[in-house]
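I have placed the structure first, in the form of structure tokens, so that the comments after it can refer back to it.
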Amino acid sequence: MSLSIFINYRREDSATESTLLYKDLVRSIGENFVFMDSRNIEIGTKWPDEIRESLATAEVVIVVIGQKWLKISDEYGRRRIDQKDDWVRQEIEFSIKNNKTIIPCIIAPAQCPPKEALPDNSPIIKLPEFQEIEIRKNYWDNDIQLLIARLTGKNQVGSTEADSPAS
182 MSLSIFINYR REDSATESTL LYKDLVRSIG ENFVFMDSRN IEIGTKWPDE
232 IRESLATAEV VIVVIGQKWL KISDEYGRRR IDQKDDWVRQ EIEFSIKNNK
282 TIIPCIIAPA QCPPKEALPD NSPIIKLPEF QEIEIRKNYW DNDIQLLIAR
332 LTGKNQVGST EADSPAS
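Position one of the sequence shown corresponds to residue 182 (this note's numbering), numbered consecutively onward.
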């Protein structure tokens with residue numbers, strides 16, 4: 182398989198879920214085809230260069246969004262997503278500008294932020310236009326298998342309404 186995947190995430194929001202996602206993708210697709218900064222960057226490496234190179238060669242960028250993704254702030258109380266030097270923002274902007282396949286991966290019960298909540302002076306405002314996939318913690322394996330099936334183009338009997346937890 183030659184599909185190259187880059188995982189974009191906020192450590193303060195979804196590090197655990199992103200690591201689990203990484204491990205599941207590696208198990209199904211292969212370690213050489215999935216990039217996550219905390220898993221792939223060796224000590225002593227110039228990490229900004231490594232991130233830029235991996236992002237440039239990725240075909241698919243999975244944007245992991247948890248409940249705090251939009252609210253994470255710096256030490257002065259300013260939202261990180263509003264800052265031009267925010268790495269999560271930079272990675273998404275690069276991906277949009279370079280026509281990468283972008284998959285917002287929503288960790289339930291989070292929701293993809295509406296464009297009104299995103300910086301309007303940035304390409305990131307287009308993020309809600311990309312078809313998302315929801316990953317439910319109680320149905321993790323099923324939802325991840327659905328994501329993998331869609332990434333690899335394999336047909337699978339996936340998530341159905343019957344799989345959803347009762348309200």
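Even glycine gets a Cβ: it sits at the ideal position worked out from N, Cα and C.
query = Whose C-beta lies closer than 8 Å to the C-beta of R261 among residues of the same chain, with five residues either side of it excluded?
reply = R191, I253, S254, D255, D267, V269, R270
task = Write down the C-beta distance between V241 and E198 rounded to the nearest angstrom, noting that I regard them as a contact closer than 8 Å.
result = Incorrect: roughly 17 Å between the Cβ atoms, too far for contact.
ask   = If you draw a straight line from the C-alpha of I360 to the C-alpha of N302, how long is it?
value = Since the first and last residues shown for the chain are 182 and 348, residue 360 lies out of range.
ask   = Straight-line CA distance for N319 to P229?
value = 35 Å
task = Following the continuous beta strand (DSSP E) through P309, name the residue where it begins and the one where it ends.
result = Looking at the DSSP string, P309 is not in any beta strand (DSSP E), and its letter there is neither H nor E.
task = Taking 8 Å as the cut-off, decide whether the C-beta atoms of L308 and P290 are in contact.
result = In this structure, P290 does not lie closer than 8 Å to L308 by Cβ.
ask   = The alpha helix (DSSP H) spanning I262 covers which residue range?
value = Per DSSP, I262 belongs to no alpha helix (DSSP H) and is neither H nor E.
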